[in-house]
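Chemist: In the working numbering, the protein residues as written are -8 to 152.
Note that beta-carbon positions come from the ideal geometry of N, C-alpha and C, so glycine has one too.
Supplied in structure tokens, the structure appears directly below.
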Ligand SMILES: [Zn+2]
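Okay, here's the thing in structure tokens:
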């Protein structure tokens, strides 16, 4: 009996320990490039806040912020978006959606689209940060067609400021 209790305690400790472990920030800080910053500035300030916190943990690039009518419909036509203008959260001013990707300097174009593990890690960090900052979001990860880079503000989220 005593042995069982001890074993249970060890298992619970291991489980609790792994789920409570907070990710570590980068030792060498990363910074957004000029294009990323320009794109980020077209986004709602709460999405900007998430991105600026995220880059402390992982080097990331901003693929897209606001999309105007022409850009949205060309994204629709090329299959990058499932919505036509003005139905995407990217079409709001400021944009209520941002597309982010892990940045790797040694990869052509900076983004390894096959590295789903890295996208997963990025999205988990976004989730953690949004929770900490009480920003309600929806993740493209949870869409039926899995849009890994996509982070949008929940319709109920009006803003923290
Ligand atoms: Zn998107």
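Exposed or buried, what is residue 31 when buried is set at 16 or more other beta-carbons lying within 10 Å of its beta-carbon?
Modeler: Locating residue 31 in the chain shown gives position 40, counting from the first residue. Buried.
Chemist: Using only the alpha-carbon positions, how far apart do residue 93 and residue 106 sit?
Modeler: Here residue 93 is taken as the residue at index 102 of the chain shown, counted from 1. Here residue 106 is taken as the residue at index 115 of the chain shown, counted from 1. Distance between the alpha carbons of residue 93 and residue 106: 9 Å.
Chemist: What would DSSP say about residue 93, mapped onto helix, strand or coil?
Modeler: As a working mapping, residue 93 is identified with position 102 in the chain shown. Strand.
Chemist: Taking only three categories from DSSP, how would you classify residue 126?
Modeler: Residue mapping note: residue 126 aligns to position 135 of the chain shown, counting from 1. Reduced to three states, the DSSP call for residue 126 is coil.
Chemist: Hey, would you say the C-beta of residue 59 is under 7 Å away from at least one heavy atom of ligand 1?
Modeler: Numbered from 1 along the chain shown, position 68 holds the residue referred to as residue 59. Checking the Cβ of residue 59 against ligand 1 gives no.
Chemist: Applying the 10 Å Cβ sphere with the 16-neighbour rule, what's the burial state of residue 1?
Modeler: For the purposes of this step, residue 1 is taken as the residue at position 10 of the chain shown. Exposed is the call here.
Chemist: Pair every Cβ in the region 84 to 92 with every Cβ in the region 34 to 51, then say whether three or more of these pairs are closer than 8 Å.
Modeler: yes
Chemist: Within 10 Å of its beta-carbon, does residue 81 have 16 or more other beta-carbons around it, so buried, or fewer, so exposed?
Modeler: Position 90 of the chain shown holds residue 81. Counting Cβ neighbours within 10 Å, residue 81 comes out buried, since at least 16 surround it.
Chemist: Quick one: grab the DSSP three-state call for residue 22.
Modeler: For this step, residue 22 is matched to residue 31 along the chain shown. In the structure shown, residue 22 sits in coil (DSSP, three-state: anything other than H, G, I, E or B).
Chemist: Can you find at least 3 beta carbon pairs, one from the region 96 to 113 and one from the region 58 to 76, that sit closer than 8 Å?
Modeler: Not touching, per the Cβ criterion.
Chemist: Quick one: grab the DSSP three-state call for residue 117.
Modeler: Along the chain shown, one-based indexing puts residue 117 at 126. Helix at residue 117.
Chemist: State the DSSP-derived secondary structure class of residue 27, mapped to helix, strand or coil.
Modeler: On the chain shown, residue 27 is found 36 positions in, with the first residue counted as 1. In the structure shown, the three-state DSSP call for residue 27 is helix.
Chemist: Which of the three DSSP states is assigned to residue 32 in this structure?
Modeler: Reading the chain shown from its first residue, position 41 is the one you call residue 32. Reduced to three states, the DSSP call for residue 32 is coil.
Chemist: Taking contact to mean 3 or more Cβ pairs, one atom from each stretch, closer than 8 Å, check whether the region 128 to 142 and the region 13 to 25 are in contact.
Modeler: The answer is no - the region 13 to 25 does not touch the region 128 to 142, with fewer than three Cβ pairs under 8 Å.
Chemist: Beta strand (DSSP E) containing residue 154: first to last residue?
Modeler: The structure shown has nothing for residue 154, since the chain only spans -8 to 152.
Chemist: Can you round the beta-carbon distance between residue 128 and residue 143 to whole angstroms, since I take them to be within the 8 Å contact cut?
Modeler: Residue numbering aside, residue 128 sits at position 137 when the chain shown is read from its first letter. Residue numbering aside, residue 143 sits at position 152 when the chain shown is read from its first letter. Indeed they touch by this definition, with Cβ atoms about 6 Å apart.
Chemist: For the candidate residues 37, 29, 14 and 58, whose alpha-carbon lies nearest to that of residue 124?
Modeler: Counted from its first residue, the chain shown places residue 124 at position 133. Nearest C-alpha to residue 124: 37.
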